[in-house]
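2 protein chains.
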Amino acid sequence: MREETDLVAPPRGPEHDADPIETPGFVEAVAGAIERRDVATLKTIVADLHETDLARLLEALPAPDRPAMIELLGADFDFTALTELDETVRLQILEELPRQTVVEGMRDLESDDAVYILEDLDDAEKQAILADLPIPERAALQRSLDYPEESAGRRMQTEFIALPPFWTVGQALDYIGETEGLPDVFFEVFVVDPSYRLDGSVPLDRLLRTKRGVKLGEVVTPDRHVVKATDDQENVARVFERYNLISAPVVDEGGRLVGVLTIDDIVDVIQEEADEDLKALGGVAGDEELSDSFWYIAKSRFSWLLLNLIAANIASFVISLFEDELHRMVALAVLMPIVASQGGNAGTQTMTVAVRALATRELRPSNARRVVARELLVGLFNGVVFAVIMAVVVFARFGIADLGFVIGLAMIINLVAAALGGILIPLLLDRLKVDPAVSSGPFVTTVTDVVGFFAFLGIASLWF
Amino acid sequence: MREETDLVAPPRGPEHDADPIETPGFVEAVAGAIERRDVATLKTIVADLHETDLARLLEALPAPDRPAMIELLGADFDFTALTELDETVRLQILEELPRQTVVEGMRDLESDDAVYILEDLDDAEKQAILADLPIPERAALQRSLDYPEESAGRRMQTEFIALPPFWTVGQALDYIGETEGLPDVFFEVFVVDPSYRLDGSVPLDRLLRTKRGVKLGEVVTPDRHVVKATDDQENVARVFERYNLISAPVVDEGGRLVGVLTIDDIVDVIQEEADEDLKALGGVAGDEELSDSFWYIAKSRFSWLLLNLIAANIASFVISLFEDELHRMVALAVLMPIVASQGGNAGTQTMTVAVRALATRELRPSNARRVVARELLVGLFNGVVFAVIMAVVVFARFGIADLGFVIGLAMIINLVAAALGGILIPLLLDRLKVDPAVSSGPFVTTVTDVVGFFAFLGIASLWF
């Protein structure tokens, strides 16, 4: 297999599989160019890279090379790339770059990208950068930053095309064709009254298919899904997803158009939220990133493990209530983890489904009862099946028929408890406005451990 | 708080929070109308519903009412709603509807929606429906269905605008304005040669901002991200996400344009894939849906639990090797689950991060070594901290200093094993082309259970 790799110009063209960043030697070649301060080579490389790949290149470079590369590139570095970086890396770069470079770079950004970069900086730094920006840009950014974190107002783009209803389609088309400084990409024109209150929108393709003499007011359709700037981004993402939206207007409390949200921003939110839920269920902080430092990760994982240690000690305390039985019959000690572990896994299954369905708003008051009943039945059914299996295994292993009966009964009790805990705990936490993805796990396994040990050892102590 | 609820016309307007389906009494009112065969009322309701809400209404109705409603509505029922249904519900409806109704409904669909509905039907049913469709539509659907499941060819829309490079922008605009039967929504025109080989595309907004006399060939830009029809939908979704694409052309092996993929289809894929990973990590089948029957769920959960039961029995076997020690010192039985459980949770943390990073392609050969080293360090660090905590707790509880030392040592060993298992098992499975999200769990917990019990009881047997 012969493969020639041109280290400077990464492979281009329709094969999107060809990934410049993963090409052996590519990152090293860039690092070398930075070291030699070889601006010409750097510019050639960067000209060929998509902003996302530029971000991935920055992440792959040694930390000191990152700001160095940006400074060497000057105006050829597209600051949009910063929005694609892991937060840790972005903050490191912004800290080390001279403020003037940051301000220059920010000026070329769309408002949503600028806000995304600014919002994680500390207040002093944020204000210093804003102060260096021209007044109109500063005002627009400040307005977005005044909305709460993770709100639609933070994610929206404040560049959009808004026209009055008495304009004709022809006027609109000419305006779009001739005006400089319109947004880079747009999917519709919005129709607003003189105070910028939103009438609705006309998608670009409809604009093109309507006769030039028709007034916008006649072809405008009211947007069914108008986003309030204060809406939480997760709720907005659900609406985009549910109704397959490409973009949606954002209005302030007065119903005035203040921005537009597009699906590409929302995709990031959907991805982020799914990511957070998945990590939370695994006991990892939602913002943990692959580029985080050892120390940050160790600390963030620690708190979850500490919670689990407390849960495990509670379970251990339950076991210690039966020391006499364990001493009389060591087989109980050998078998008890099976009951607890089977319950833990069944509980996790139910909890996973419940947490996910709550996150996607599929689990709602109207169907909660049916889902609880079904989970209970599944727990009972699987409990009985595993009871029979374990009864046979235990009898075969220890030759004590009664022990098989005891473990079977404990298994049924624990799998029913697991089903109930797995669904009721997330539902309860959700009702209490606590994120069930983050908090359900330790409660559910505490329930299944405690019930598992208590049922098995308790029944054994009564029986033998 | 007075609230008047009009059961027939659900609340509309900018408040997207108002959810007709969850309005108390709404579903019952619809069911009543179906029972009375009150077509007029049904039509009024449906006219106001988005296809997604129509699907949610169908899911909320009792099963027999679903096909009944569709038949009553006739041509007023938008078959697009079927694409928004849970698979189980969709198949139930398609089975019970007369074939003629299905064929009529399918004719109005975009190709990607039609394929989505057809692909889950059994072959005989699929062919019967295709046979009843007009030849051009049948051929287009058949071509999509010939691509592998979960490929770009299955998800693409075969309706698009493709023009030759010698056309002017003005000609293109006039063509769009005057031609009937163009796609409902489109974001660009594609430029192709006479054999439909793709030159590139011109986004609508650029078309509008270019002088009418300019030739398309002069403003076309080659698409950097061209999708092959045989590409896996998950890989395509990563590309859309990574490069913030709104749409991408789909080509066949010969580089000929055969369709277009848009972000709204891809959002569903992203959501599906995140969903599958999350469920897989929780031990639930990726296709489990909230509307699935008790029996289906019980069976699908069973196999995972059976795997776990085997793992638990292996761990139990390890414990039985130390029956003498357990008999001599019941405290060992009381404490051993703590070591195992702490390891299981630490292993799950690492595994969650690894599985997610593999799914999003963030974890790659170029950074794997660094991540493994970091996880190992985190395991060692947290192991030492928890060793100290447990040593103190155990000494306080049992008054045996040696026992504290033994549990501490076992804790360190198990947390290091957890870190290694949590990262190396997903990496290995990925290398073997097995989905790490589905298969890592049982392996990782087997490792932490076995190492936990063996280390703790083994060290104890040497020590005491």
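Sequence order for the protein chains is Z and F.
Every letter in the first sequence is one number past the one before it in full-length UniProt numbering, and letter 321, counting from 1, is 321.
Every letter in the second sequence is one number past the one before it in full-length UniProt numbering, and letter 188, counting from 1, is 188.
All C-beta atoms in this analysis are idealised placements derived from N, C-alpha and C, irrespective of residue type, glycine included.
Check: Near-chain Z residues of the region 330 to 350 of chain F (beta-carbon distance less than 9 Å), N- to C-terminal order; Outcome: Val330, Ala331, Leu332, Ala333, Val334, Leu335, Met336, Pro337, Ile338, Val339, Ala340, Ser341, Gln342, Gly344, Asn345, Ala346, Thr348, Gln349 and Thr350
Check: Test item: CB-CB of F/Arg374 and Z/Phe294 under 7 Å; Outcome: yes
Check: N- and C-terminal bounds of the beta strand (DSSP E) containing F/Gly200; Outcome: Leu198 to Pro203
Check: Residues sharing a beta bridge with residue 465 of chain Z, DSSP; Outcome: An answer regarding residue 465 of chain Z cannot be provided, because it is not within the stretch 1 to 464 covered by chain Z.
Check: Coil, strand or helix - F/Arg99 by DSSP; Outcome: helix
Check: Spatial distance of Z/Leu429 from F/Glu110 (CA atoms); Outcome: 42 Å
Check: Residues that Z/Tyr243 contacts on chain F, provided the C-beta gap is smaller than 8 Å; Outcome: His50 and Thr52
Check: The ligand NAP heavy atom lying under 6 Å from the CB of F/Gln127; Outcome: Within the structure as shown, the ligand NAP is missing, as the structure has no ligands at all.
Check: Residues near F/Ala172 by beta carbon distance below 7 Å, same chain, minus five either side; Outcome: Leu163, Val189, Leu207 and Leu216
Check: Chain Z within 7 Å of F/Asp264, Cβ atoms only; Outcome: yes
Check: Z/Lys433 - DSSP class collapsed to helix/strand/coil; Outcome: coil
Check: Chain Z residues whose Cβ lies nearer than 9 Å to that of F/Asn382; Outcome: Ala298, Arg301, Phe302 and Leu305
Check: Neighbourhood of F/Thr446 by C-beta distance below 8 Å, restricted to the same chain and skipping five residues each side; Outcome: Ala311, Ile314 and Ala315
Check: Residue 502 of chain F vs F/Ala229 beta-carbon contact at 7 Å; Outcome: It is not possible to answer for residue 502 of chain F, since the shown part of chain F is limited to 1 through 464.
Check: Touch test, the region 372 to 388 of chain F against the region 452 to 460 of chain F, Cβ-Cβ under 8 Å, three pairs minimum; Outcome: no
Check: Opposing strand residues paired with F/Leu257 [DSSP bridges]; Outcome: F/Val251
Check: Span of the beta strand (DSSP E) around F/Val284; Outcome: Careful: F/Val284 lies outside any beta strand (DSSP E) and carries neither H nor E.
Check: Chain Z contact residues for F/Ile246, given Cβ-Cβ distances below 9 Å; Outcome: Val185, Phe187, Ile246, Thr262, Ile263 and Asp264
Check: Any chain B beta carbon closer than 7 Å to F/Val115; Outcome: Among the protein chains in the structure shown, which are Z and F, there is no chain B.
Check: Counted within 10 angstroms of its Cβ, other Cβ atoms place F/Arg301 as buried (16 or more) or exposed; Outcome: buried
Check: Same chain, Cβ closer than 7 Å to F/Gly200, neighbours up to 5 away in sequence not counted; Outcome: Val191, Val220, Thr221, Pro222 and Asp223
Check: Identity of the residues DSSP links to Z/Phe190 by a beta bridge; Outcome: Z/Ala162 and Z/Ser201
Check: contact_flag[the region 138 to 155 of chain F, the region 245 to 261 of chain F] where n(CB pairs < 8 Å) is 3 or more; Outcome: yes
Check: Same chain, Cβ closer than 6 Å to Z/Asp19, five either side skipped, listed in chain order; Outcome: none
Check: Limits of the unbroken alpha helix (DSSP H) element including Z/Pro365; Outcome: Pro365 to Phe398
Check: Rounded Cβ spacing between F/Leu363 and Z/Leu278 (contact assumed at less than 8 Å); Outcome: Contact doesn't hold; Cβ gap of about 14 Å is too wide.
Check: Per-residue burial, Z/Val57 [other beta carbons within 10 Å of its own, 16 or more giving buried]; Outcome: Sequence check: residue 57 of chain Z is Leu here, not Val. Buried is the call here.
Check: Against chain Z: residues of the region 152 to 183 of chain F by CB proximity under 7 Å; Outcome: Leu173, Ile176 and Gly177
Check: Given F/Val89 as reference, the closest of F/Ala274, F/Pro64 and F/Glu178 once Cα atoms are compared; Outcome: F/Pro64
Check: Outcome for Z/Arg107 when other beta-carbon atoms lying within 10 angstroms are tallied against a minimum of 16; Outcome: exposed
Check: Cα-Cα separation between F/Ala60 and F/Val27, rounded to whole angstroms; Outcome: 7 Å
Check: C-beta contact flag for F/Val339 and F/Met411 at 7 Å; Outcome: yes
Check: Beta-carbon gap between F/Glu51 and F/Thr80 smaller than 7 Å; Outcome: yes
Check: Z/Thr221, DSSP secondary structure in three states; Outcome: strand
Check: Proximal residues to F/Arg138 (C-beta, below 7 Å), its chain only, five neighbours per side dropped; Outcome: Leu130
Check: Host alpha helix (DSSP H) of Z/His327 (start-end); Outcome: Glu323 to Arg328
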